[in-house]
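Below: the structure, in structure tokens.
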Amino acid sequence: MCKQSLVCPKTINSRFSQYHTSANYMKKAKKDVSSEPYRFTTSNANMKSLGETMEVNEHQGPIVALSLFVFIAYFLYLREENDWDEQLNVTLFERVPSVEEPHLVQAIPRMKQRGEDTTEAEARLKELIQQRQAKEQTNS
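Quick note: the sequence shown uses this note's numbering, first residue 19, plus one each step.
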């Protein structure tokens, strides 16, 4: 008896028969091919093969809920404010001062169309124009 070597006659015969069988299968498969589309609903691809379902630990739900509650309580109430929190309280116009004047120029006509009061916006626009002109005079 030979032990699973490459030159063993049994191994050669089994490999040849595997090749021979697969070659015959390919010939048959080529003959069976049709030009019509396959219906997914009636094919085996539509059959759902559900494996074993995972068992969920009965304590998992309460543990996750408690963990989320503790995290939210810490993050929203117990934690001290830091520099990042202070940065979140800064408005866009304080971060980028050059944006406020063009914004007000566009916003005032829209506010008038809607019938809103524009006195505060116009006063702020005048203030910004005066600040810009004063800055230009000091730079010149």
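Virtual Cβ for every residue (Gly too), placed ideally from N, Cα, C.
These figures come from a predicted structure and were not determined experimentally.
Any idea what DSSP makes of residue 121, helix, strand or coil?
helix
Looking at C-beta atoms only, is the number of pairs between the segment 122-130 and the segment 99-112 that lie closer than 8 Å three or more?
No, the segment 122-130 does not touch the segment 99-112.
Could you confirm whether any beta carbon from chain C is found closer than 7 Å to the beta carbon of residue 120?
Within the model displayed, chain C is absent; a lone protein chain is all it includes.
For residue 58, which of helix, strand or coil comes out of DSSP?
If DSSP states are grouped into helix, strand and coil, residue 58 belongs with coil.
Check this for me: beta carbons of residue 130 and residue 136, under 7 Å apart or not?
yes
The alpha helix (DSSP H) enclosing residue 111, as first and last residue numbers
Counted as a single uninterrupted DSSP element, the alpha helix (DSSP H) harbouring residue 111 occupies residues 110-113.
Measure the alpha-carbon distance for residue 55 versus residue 65 and round it to whole angstroms.
18 Å
Determine the extent of the alpha helix (DSSP H) in which residue 83 is found, giving its start and end residues.
78-91
What whole-angstrom Cβ distance do residue 104 and residue 146 have, given they're in contact under 8 Å?
That pair is no contact at about 25 Å.
What number of angstroms, rounded off, separates the C-alpha of residue 140 from the C-alpha of residue 127?
10 Å
Under a three-way DSSP split, which group does residue 135 fall into?
If DSSP states are grouped into helix, strand and coil, residue 135 belongs with coil.
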